[in-house]
Structure formats: C-alpha cells, structure tokens
Amino acid sequence: MYNTTKGQLITIWVFGLFLWVVTFFCGVYSYSSIFDKIWLFLFLVIPFIVVFYTIGWRNCQKRSLKHREREKARARERERERIRWSSAREFY
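0 is the number of the first residue of the sequence shown in numbering that gives the first Met the number 0; add one for each residue after it.
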C-alpha cells in the first residue's frame, strides 16, 4: 500500500488539494442541507486521509531503508567470510 514513489506521493497531495478545493466550493454553493453536510464531511476528511497516508508512507520508507541497510551489512559480512576462507584454503 505504501510502496509508492515520492513522485506518486506528490501526485496524491496535488489531487487531494484539488479535491479539497472542489469540496470547499461545492459546499459553499450547495443549496441542499444534506449535501452541505456531505461536503463538510469530505472537506474535513480529505486532508486527514492525505496526512495519514503520508505519515504511513514515511514510516514504511524508514523501515525499508533500515532493512536494506541490514541486508547490505549481511552481504558485506558474507563476502568477508568468503574471502577469509578462500585465502585460508590457498594457504594450506
């Protein structure tokens, strides 16, 4: 769900801002009381959804960065062990 690029996240923010402005103007120019409530609800929920998604995206990026760093460290350690044991075989 959070495996999106930074460009896609920016697109989500732009689209969310556009929807937020549209719901604002639809709410202002709405003449029905039921639609006023719907537009107000959407006007309040859209920023919450975008911010919530961004926080989740950042946390996922941090976790995957830590995971990639751990994998690189393990690969370096395996390479050191391989070199150490290959040089030990050549010695004997």
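Backbone N, C-alpha and C fix where the C-beta goes; we use that ideal spot for every residue, glycine too.
Here the structure is a predicted model, which means the values were calculated and not measured.
A Cβ-Cβ separation of about 19 Å leaves residue 18 out of contact with residue 54 under the 8 Å criterion.
In this structure, residue 56 sits away from residue 10, with a CB-CB distance that is not shorter than 8 Å.
Around the beta carbon of residue 38, 16 or more other beta carbons lie within 10 angstroms, which makes this residue buried. Per the C-alpha coordinates, the member of 59, 35, 40 positioned closest to residue 8 is 59.
The DSSP-derived three-state label of residue 58 is helix.
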